[in-house]
Structures are given as structure tokens and as C-alpha cells.
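Only one structure is covered here, and it is reproduced in the block below.
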Amino acid sequence: MNLKKQLGLSLVVGGGLLFGLSTTQTTAHASTYLRYYENIPNKTVSVTNKNAYVYNNGRLSRKMGTMRYYGSKVEEYYAAHVVKNGKASIYYKFRIGHRTGWVWHGYLKSIASSTGTTPTTPTNTTTNTGTTTNGKIPTGTPVENINIPTLSKTEGVDPMAGYIMQLFPGTVYNTKVEKAAEYAWDTDDSADFSSWYNMAGWKSQLTSAGANPTGFKAITFDAAAPYDKTAVEKAIEKAGYDANARSKFAGWSIGAEYMSPENADEGPQGGMGLVLLVPNP
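Under UniProt numbering, the first residue of the sequence shown carries the number 1, and numbering increases by one thereafter.
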């Protein structure tokens, strides 16, 4: 075989190997898909694997480092059922302060109480500040009574989203409706975001969160700089909902999300907001 033929054969074989490798990598990337979300009880758990990968959303779109940067204890509060590499698996959403992430559920372990029994959860009783005896904001709390710093700390809701809910007087906070709004925000991929950010997507998200989507209303807006409360209220009014229009939703359940202006992901952009209103969740 002469040199030209040898070189030609090497290029063909080498190109084939590279093509095969590229195809394999693409297939592996596309082998994870989301089946559905599930509410789970909020619970503080211990981290059993500091080297476990942390993902940015329930679709496992992007790795954000490992659990070693989140401490030894986190709070789990949401689950995503996925199929990864052909196998069904469950990933839990966790938070520590305002930081959140997704990790395989097997790396989070329940913490036994000092007596060896499961601690009893106190009965939720609303106070005049809209909090409960366990410090959380219960479903059914009038938005006027919501303590926004508490809502942000215990539920991970952006403080501006809490303010947005209070722009709809007479509505009541609902954890399921808020979860549905959060689903719409749970991606940093523009294609994923666009495919869910519509009436059909919001209806599906409400159903997944356990809320009744019948008759729901979705309000979207895009606030301009300086992205303060005045700018947000003006954006909502521009979307067709002035104070009089907002007052007509009294008695409805509400949830909201807002993207802070420093966001650099490809999903919801800085200044964007979503309000979900449900008459009978």
C-alpha cells in the first residue's frame, strides 16, 4: 500500500472514530429527561457525599459544582422524577439560605432526633404576622399579612415576588400555586423556558403542583431599569392590571416569581415576572 493510500485510510478511520465519539457524546447528553415533579415534606437532612454533583434544575441541564460548597446540612423540599441513561431516578431540590440546587436523593439522609424518634411537626396556627408556629407561611394567609422576609427565608421566594403578591389585595398565598410559578422559572435554558412559558405550560405546572388549574389567570410582565418596586408596579399596569383590575382578584389564590436583574442565564431574563392566580385551587 503506498503512502497516499495509507494516509487516506488513516483519515477515514480517524474521522469515523471522531464522528462516533461525537455521536456518543450527543446521545449521552440527550439521555436525561424529566418525567414529573413531586412535592415532598420540607426537611433538614445531612449530606452524605460531598463530591456529589449539584445541578441547576430538575431537568439536570447543567452542573453547578459539588455538595462540598453547600455545607453538611441542607433543607430538601422538592423532587424531580427523571430518566437518566435509561434508568428512572429521583433528584431532590434543596436550599441553604438563598442558595438552591438539585442533587440525587440518595446523597441526602434524614437526621434522627436525639430520642431516636421522628420529631412532631407543630400544628400550623396563623398569627397576626402571617407566620405559623413552625415559622412558615401557611396556605390561605392573606397577602396583606405575609411577612416578606419570612417568606423569603422559609420558602425561598424572591422578596420582590412577595411584594408583587401584595399588589393584589385580598388574594391569599397558596404554596401549590407558588410551586407552579416556580416550575416555570426552574430552567436556565432558553429553549426549555420558551416551551413551558405559555398557557398550556402553566396549566400543566399547576396540575403537577397539585393545584386545580380551572379558570386560572396568568399575568406576565417585564420591568425596566432601575427594576425597583415602582418599575415593577408600572410593568404590571402596562400589562393591563392597574390597582382597580388587581382588586377584582380578591379571594383568589396567588403565586408569583420574579427574576432579579443580575441574572445571566438563558431562561427568564432580569426584570421578567409571572403572577399565577387561581379561583379554586
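Backbone N, C-alpha and C fix where the C-beta goes; we use that ideal spot for every residue, glycine too.
Nearest-angstrom beta carbon gap, residue j and residue i [assumed within contact, 8 Å]
{"i": "S110", "j": "K43", "result": "7 Å"}
{"i": "I146", "j": "Y258", "result": "Incorrect: roughly 15 Å between the Cβ atoms, too far for contact."}
{"i": "L276", "j": "A200", "result": "Actually they are not in contact, since the Cβ atoms of L276 and A200 sit about 14 Å apart, beyond 8 Å."}
Buried/exposed call for residue i, threshold 16 Cβ in 10 Å
{"i": "K63", "result": "exposed"}
{"i": "Y78", "result": "buried"}
{"i": "Y69", "result": "exposed"}
{"i": "M160", "result": "buried"}
{"i": "V278", "result": "buried"}
{"i": "E144", "result": "exposed"}
{"i": "V83", "result": "exposed"}
{"i": "P281", "result": "buried"}
{"i": "T100", "result": "buried"}
{"i": "G215", "result": "exposed"}
First and last residue of the uninterrupted beta strand (DSSP E) at residue i
{"i": "V275", "result": "272 to 278"}
{"i": "V103", "result": "99 to 104"}
Close Cβ partners of residue i (< 8 Å) along its chain, the five nearest in sequence each way excluded
{"i": "K108", "result": "The sequence as given places Leu at residue 108; Lys does not occur at that position. Result list for L108: V45, S46, V47, T48, V74, E76, Y92, F94, in chain order."}
{"i": "Y241", "result": "I219"}
{"i": "P226", "result": "none"}
CB contact flag (residue i, residue j, <8 Å)
{"i": "M67", "j": "K87", "result": "no"}
{"i": "N39", "j": "W102", "result": "no"}
{"i": "G273", "j": "S260", "result": "no"}
{"i": "T141", "j": "Y173", "result": "yes"}
{"i": "S247", "j": "V177", "result": "no"}
{"i": "S208", "j": "Y37", "result": "yes"}
{"i": "A250", "j": "T171", "result": "yes"}
{"i": "K229", "j": "P213", "result": "no"}
Host alpha helix (DSSP H) of residue i (start-end)
{"i": "E182", "result": "175 to 185"}
{"i": "G201", "result": "199 to 208"}
{"i": "N244", "result": "243 to 247"}
{"i": "A161", "result": "159 to 166"}
{"i": "K234", "result": "229 to 238"}
Cβ-based neighbour list, residue i, same chain, cut-off 6 Å, excluding 5 preceding and 5 following
{"i": "L60", "result": "T32"}
{"i": "N198", "result": "none"}
{"i": "A231", "result": "A223, A224"}
The ligand FAD heavy atom lying under 7 Å from the CB of residue i
{"i": "G162", "result": "Absence of the ligand FAD is noted for the structure shown, with no ligands found whatsoever."}
Residues near residue i by beta carbon distance below 7 Å, same chain, minus five either side
{"i": "S72", "result": "S46, V47"}
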